[in-house]
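Asks:
Residue numbers (the working numbering): 2 to 153.
1. Step through the CB atoms of chain D and report whether any lies within less than 8 Å of the CB of residue 10.
2. What residues in its chain sit with their C-beta under 6 Å from that of residue 61, if we drop five residues either side in the sequence?
3. Within the chosen definition, does the stretch 110-120 reach the stretch 83-91 through at least 3 CB pairs nearer than 8 Å?
4. Is residue 79 near residue 145, with beta carbons less than 8 Å apart?
5. With 16 as the cutoff for other CB atoms within 10 Å, does residue 116 come out buried or exposed?
6. One question on the structure: do residue 7 and residue 20 come within less than 8 Å of each other, judged by their Cβ atoms?
7. Please classify residue 63 as buried or exposed, where buried requires at least 16 neighbouring CB atoms within 10 angstroms.
8. What do you get for residue 135, buried or exposed, if any count of 16 or more other CB atoms within 10 angstroms of its CB means buried?
9. Name the residue from 114, 138, 151, 150 whose alpha carbon lies nearest to the alpha carbon of residue 66.
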């Protein structure tokens with residue numbers, strides 16, 4: 002018989018997390034708890050940079066440290082870090098800046114001991130706005146870093 006090492010009802014051959022019990026709907030991996038996702042989303046809204054820079058501002062450190070703690074406590078979690086900008090400036094510049102900001106967050110996490118293999122940083126520039134770029138408020142919404150947890 003094919004083994005089911007974690008006893009979750011999925012054999013190890015089909016289980017993407019064979020050493021940790023999960024659900025069939027999540028390919029044998031545990032479902033990420035809602036409160037963990039909410040903490041990460043809150044932290045992402047509190048990541049700030051110097052203007053036109055990839056330098057993370059000190060008021061971001063507490064939120065980033067909260068995410069580090071979550072990643073340390075949940076070693077099977079991986080994170081996609083996406084950088085975004087508003088539409089001020091040239092698209093090529095914005096794409097580069099968004100990548101540098103995503104990379105800066107990734108570097109912060111790796112300096113705190115999170116394995117780089119658990120992190121993916123990608124800049125999207127101005128291509129995925131969530132606010133109206135014709136307003137100050139909308140532009141502020143579009144200048145962001147998003148953090149998305151994934152079970153691996």
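Yeah, the Cβ is synthetic: ideal placement off N, Cα and C, and Gly gets one too.
Replies: Here's the rundown:
1. Absence of chain D from the displayed structure is noted, only one protein chain being present.
2. 48, 49
3. no
4. no
5. exposed
6. yes
7. exposed
8. exposed
9. 114
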